[in-house]
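Worksheet for the structure shown next.
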Amino acid sequence: MTDRYLLDTCAVIWLMGGDDIEDNALKQLAEAQSAEGLVSISAMTAWEIGMLASKNRLASTRHPLRWFKDAVGQFGADVEEVSPDVLVASSFLPAPIHNDPMDRILIATARERDLTIVTRDRAILSYGALGHVKTLPC
Numbered sequence: 043m044t045d046r047y048l049l050d051t052c053a054v055i056w057l058m059g060g061d062d063i064e065d066n067a068l069k070q071l072a073e074a075q076s077a078e079g080l081v082s083i084s085a086m087t088a089w090e091i092g093m094l095a096s097k098n099r100l101a102s103t104r105h106p107l108r109w110f111k112d113a114v115g116q117f118g119a120d121v122e123e124v125s126p127d128v129l130v131a132s133s134f135l136p137a138p139i140h141n142d143p144m145d146r147i148l149i150a151t152a153r154e155r156d157l158t159i160v161t162r163d164r165a166i167l168s169y170g171a172l173g174h175v176k177t178l179p180c
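Positions in the sequence shown are counted from 1; adding 42 to them yields the numbering used here.
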């Protein structure tokens, strides 16, 4: 069975921008995209995109919400809403974990919904190497 994937914000930005992504990640994401419901983007990514745009750190002329919706459409992704369960779970992740709230919410989302996080974030990849969350380096 193919894994279900959760793209972190940087992965979404790189994929939307056509940046280089590791071949293994591209292959697995292509397989997942061919099946419905196997690629997800967190609703929190919309917030991060908005914050990046407000600081002129997103190279796009599109409104941040339009950009987010275009990304969801381009990847045929589901939007993973942030539930109270996920927010509470993000407060009780197994140690050691750093304190970035977005990463904690992303990790908790992946753990609660059995998703593999697609990321280059070293802290998340290290946390995955400890067996606390499934990760796919991109």
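Don't be surprised by glycine CBs; every beta carbon is placed ideally from N, CA and C.
Beta-carbon proximity of residue i to residue j, cut-off 9 Å
i: LEU135; j: THR87; result: no
i: ILE83; j: PHE117; result: yes
i: LEU167; j: TYR47; result: no
Option in the options with minimal Cα separation from residue i
i: LEU100; options: ASP142, VAL130, SER84, ILE55; result: ILE55
i: ASP127; options: ARG46, ARG146, ALA95, GLY170; result: ARG146
i: SER132; options: VAL121, ILE149, PRO138; result: ILE149
i: ASN141; options: ARG155, VAL121, ALA165, THR151; result: ALA165
i: GLU123; options: TRP89, THR177, PRO179, ARG162; result: TRP89
i: GLY92; options: VAL81, GLY59, HIS105; result: HIS105
Per-residue burial, residue i [other beta carbons within 10 Å of its own, 16 or more giving buried]
i: ASP112; result: exposed
i: MET43; result: The pLDDT assigned to MET43 is 49, lower than 50, so where the model puts this residue is not dependable, and the model offers no usable value.
i: LEU107; result: exposed
i: VAL175; result: buried
According to DSSP, residues forming a beta bridge with residue i
i: LEU48; result: SER82, ILE159
i: ASP120; result: SER82
Endpoints, beta strand (DSSP E) assigned at residue i
i: LEU178; result: 176–179
For residue i, the first and last residue of its enclosing alpha helix (DSSP H)
i: SER168; result: 164–171
i: ASP127; result: 126–132
Distance cut-off 8 Å: residue i Cβ against heavy atoms of the ligand ATP
i: GLY59; result: Summarising the ligand content, the structure contains no ligands, and the ligand ATP is consequently not present.
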